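Below you'll find the structure, written out as structure tokens, and then a few comments.
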Amino acid sequence: MSGTDSAESATRLSAHFDATIAHDQRIEPRDWMPDGYRATLVRQIAQHAHSEIIGMQPEGEWITKAPSLRRKAILFAKVQDEAGHGLYLYSAAETLGIDRDELTERLLQGRQKYSSIFNYPTLSFADVGVIGWFVDGAAICNQVPLCRSSYGPYARAMVRVCKEESFHQRQGFELLLTMMRGTEAQRAQVQDAVDRWWWPSLMMFGPPDDDSPNSAQSMAWKIKRHSNDELRRRFVDMTVPQAEFLGVTLPDPELRWNEERGTHDFGTPDYAELMRVIKGDGPCNAQRMERRTKAHEDGAWVREAAAAHAAKQQALRETTKEGTAA
Ligand SMILES: [Fe+2]
Ligand SMILES: [Fe+2]
């Protein structure tokens with residue numbers, strides 16, 4: 617192919633990509649895509665996958681301390697779902713030509729991030745309920761629009777993930793409702809958990825739009841469909857009536873309904889805190905990474921055994937094939 621031919625074909629591919637995005641159709645793994653689009657997706661999907669896996673830790677701590685068999689079974693199922701979400705997402709990332717080992721390596725070396733929210737401690741069983749209600753609720757706000765993301769494998773993974781997230785949110789809310797109908801001490805425990813998790817949950821949507829340089833490109837590529845601030849506002853609008861129903865107070869004196877705008881006004885999260893936590897200086901960052909590293913090391917024998925088994929099966933198939941050929 618001459619230089620002009622390849623330049624022409626590059627222009628054609630790029631025009632085809634732009635047209636696919638413009639028509640709201642999906643980009644699939646076999647399609648040509650700009651390097652920046654691929655890199656953005658790898659970063660976003662990996663960060664999402666890591667968050668699902670690290671996110672098992674704060675609640676996982678309460679599986680052995682759950683107050684009843686029913687609560688233990690629910691929590692078990694929820695935490696296992698998160699493991700499943702991590703696996704779908706690592707698979708979606710692999711369709712972009714990067715493997716899971718490499719992504720895990722990047723996480724363990726601190727070159728890739730996970731959601732800031734999982735660096736906060738779970739101090740009581742009410743935290744399990746509040747995580748389901750707020751954190752899985754915020755995940756729903758974030759992820760429902762991702763079901764229409766322009767990258768096919770990511771969008772399809774999100775459909776099932778979102779169905780499970782909605783179970784997670786309900787189990788959290790139902791737990792809190794039960795506690796709110798219990799004793800004074802239980803109600804106080806719920807309010808305390810709400811006070812601690814509210815602001816970190818609002819931070820989950822990321823920095824404000826003015827401070828989020830990659831957002832505009834992600835939206836132009838239709839990877840993201842809504843801005844950080846828009847998603848944050850939707851979360852607040854969704855959560856306020858639920859808080860009223862539960863009978864808890866959201867810890868924001870500026871929170872009020874704005875009739876004119878048809879949405880809530882609310883205070884500004886402490887974005888300096890968000891930056892500190894993202895940079896590694898949150899209450900539990902060191903512990904989360906330590907446990908993740910240990911789990912990875914403890915799992916080495918499983919990966920080695922699986923690889924040895926696969927090699928043995930392959931060798932066996934080849935010997936059988938040779939036998940048949942002879
Ligand atoms: Fe999840
Ligand atoms: Fe979840």
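Those letters in the sequence shown? Residues 617 to 942, per my numbering, in order.
A virtual CB, placed ideally from N, CA and C, is assigned to each residue, including glycine.
No experiment lies behind these values; they were computed from the predicted model shown.
| query | Between residue 665 and ligand 2, is the CB less than 7 Å from at least one heavy atom? | reply | no
| query | Which whole runs of the alpha helix (DSSP H) in the stretch 758-836 are 4 residues long or more, in chain order? | reply | The stretch 758-836 contains these whole alpha helix (DSSP H) runs: 768-796, 800-819 and 831-836.
| query | ligand 1 heavy atoms versus the CB of residue 639: any closer than 7 Å? | reply | Not under cutoff, so the answer is no.
| Quick one: does the C-beta of residue 784 sit closer than 7 Å to a heavy atom of ligand 2? | yes
| field | Inter-residue Cα distance where the pair is residue 654 and residue 712 | value | Taking the straight line joining both Cα atoms gives about 7 Å.
| task | Work out the CA separation of residue 873 and residue 879 for me, nearest whole Å. | result | 6 Å
| message | Using the Cβ count rule (16 or more neighbours within 10 Å means buried), how would you classify residue 814? | response | By the Cβ-count criterion, residue 814 is buried, with 16 or more other Cβ atoms from all chains shown falling within 10 Å of its own Cβ.
| field | Length of the line joining the Cα atoms of residue 866 and residue 760 | value | 24 Å
| Top-ranked residue by Cα proximity to residue 816, from 835, 898, 625 and 786 | 898
| Can you tell me the Cα-Cα spacing of residue 687 and residue 648, whole angstroms? | 48 Å
| query | Would residue 666 pass as a contact of residue 728 if the rule is Cβ separation under 8 Å? | reply | yes
| field | Cβ-based neighbour list, residue 848, same chain, cut-off 7 Å, excluding 5 preceding and 5 following | value | 818 and 821
| query | Relative to ligand 2, is the shortest distance from any of its heavy atoms to the C-beta of residue 693 smaller than 7 Å? | reply | no
| Between the CA atoms of residue 741 and residue 680 - distance to the nearest angstrom | Cα atoms of residue 680 and residue 741: separation of roughly 11 Å, rounded to the nearest angstrom.
| query | Which word fits residue 801, buried or exposed, when buried means at least 16 other C-beta atoms lie within 10 angstroms of its C-beta? | reply | exposed
| field | Neighbourhood of residue 663 by C-beta distance below 8 Å, restricted to the same chain and skipping five residues each side | value | Excluding residues within five positions, the ones whose Cβ falls inside 8 Å are 728, 729, 730 and 731.
| field | residue 803 Cβ short of 7 Å to ligand 4 heavy atom set | value | In the structure shown, ligand 4 is absent; the only ligands present are ligand 1 and ligand 2.
| With a cut-off of 8 Å, do at least 3 Cβ pairs link the stretch 740-759 to the stretch 777-788? | yes
| Is it true that the stretch 838-857 meets the stretch 886-904, where meeting means three or more beta-carbon pairs spaced less than 8 Å apart? | no
| query | Taking the alpha helix (DSSP H) that residue 880 falls in, what are its first and last residues? | reply | For residue 880, no alpha helix (DSSP H) segment is defined; the enclosing uninterrupted segment is the beta strand (DSSP E) at 879-881.
| query | Taking the Cβ atom as the reference point for each residue, do residue 824 and residue 845 lie within a distance shorter than 8 Å? | reply | yes
| Distance, Cα to Cα, residue 909 vs residue 701? | 19 Å
| task | Take every Cβ of the stretch 694-710, pair it with every Cβ of the stretch 766-776, and state whether three or more of those distances are shorter than 8 Å. | result | yes
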